[in-house]
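All remarks here apply to the structure that follows.
Numbering (the working numbering), first residue to last: 55 to 354.
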């Protein structure tokens, strides 16, 4: 083999090695986003025009509007963290008009990451408030998200038997209905289970029926209901504490493991942002970590 041929062969081998290395690096890239319905959104659809928009107000609240393509945003743990790890899917609030997906999404995800939990923020379809059943589409999105995460657990480094669903305000209503009703998305019967292994509700909206008597229609609390954590304030006019208390009572009656924290002050919509003269708004995350630890969801 002459010198010129040797040089050419080495160049080819180096190029092949580079291509293989690039392919390996791409394969190792963590999943950042998972579309729920790549073949088309079932049920009531949000038009794609106007386009999805994200704005941050003077109150430092990020608001995402016009979500027509429901998807999960993945907050992964650092590479080499080990696994499989538990996961929590986060549903931001917003009254089915917008999604407050930073302080009730991304900030929560980073907090959960700090306790060894893979977090995923669900951008469910909005606005749906004008639909006949405003929660139907979001509930379908929530149930589909649990099923997809369970299906792709190995790829995401997740334990398929430790998947929680966490909702704030309208996201709390969505999480409650999703966790206590039969999965309604197309193909659900043949898909991995859409029922979470635990449910976390923070100032959940519309827990009671419209007339205030009994739980929201369709919510069935029985022995199959996942363990539940509820955090609420007594002065919350948007999500009255009576709903959380009634739900907790139903959980006790059904012998479902549950924990309820009702703090005197704090209002609504605080996320992880502690409010003055309302210590409960800063306490509930610690209580949640304790509770998750008891359920085998935290390791640090």
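Glycine is no exception: its CB is placed at the ideal position from the N, C-alpha and C atoms.
7 Å Cβ shell around residue i - same chain, five flanking residues per side excluded
i           : result
residue 234 : 273, 274, 275, 279
residue 204 : 214, 217, 246, 247
residue 46  : A query on residue 46 cannot be resolved here, the shown segment of the chain reaching from 55 to 354 and no further.
residue 102 : 122
residue 263 : 269, 270, 271
residue 89  : 123, 125
Residue i - DSSP class collapsed to helix/strand/coil
i           : result
residue 205 : helix
residue 90  : coil
residue 222 : strand
residue 173 : strand
residue 296 : helix
residue 164 : helix
residue 179 : coil
residue 283 : strand
residue 341 : helix
Close-in-space but distant-in-sequence residues of the same chain around residue i (CB under 6 Å, 5 per side omitted)
i           : result
residue 220 : 142, 144, 254
residue 232 : 193, 196, 197
residue 328 : 335, 336
residue 292 : 322
residue 297 : 261, 262
Beta carbon of residue i nearer than 8 Å to that of residue j
i           : j           : result
residue 287 : residue 321 : yes
residue 283 : residue 342 : yes
residue 195 : residue 124 : yes
residue 258 : residue 218 : no
residue 308 : residue 269 : no
residue 310 : residue 181 : no
residue 177 : residue 127 : yes
residue 97  : residue 129 : no
Cutoff 8 Å; reference residue i; Cβ partners in own chain excluding five residues on either side
i           : result
residue 306 : 312
residue 106 : 118, 119, 120, 121, 122, 123
residue 345 : 283, 313
Between the CA atoms of residue j and residue i - distance to the nearest angstrom
i           : j           : result
residue 151 : residue 122 : 12 Å
residue 241 : residue 206 : 16 Å
residue 10  : residue 332 : For residue 10 there is no data in the structure shown, the boundaries of the chain being 55 and 354.
residue 113 : residue 175 : 21 Å
Residue i, buried or exposed, once every other Cβ within 10 Å from all chains shown has been counted against 16
i           : result
residue 95  : buried
residue 155 : buried
residue 116 : buried
residue 251 : buried
residue 229 : buried
residue 158 : buried
residue 200 : buried
residue 318 : exposed
residue 289 : exposed
residue 256 : buried
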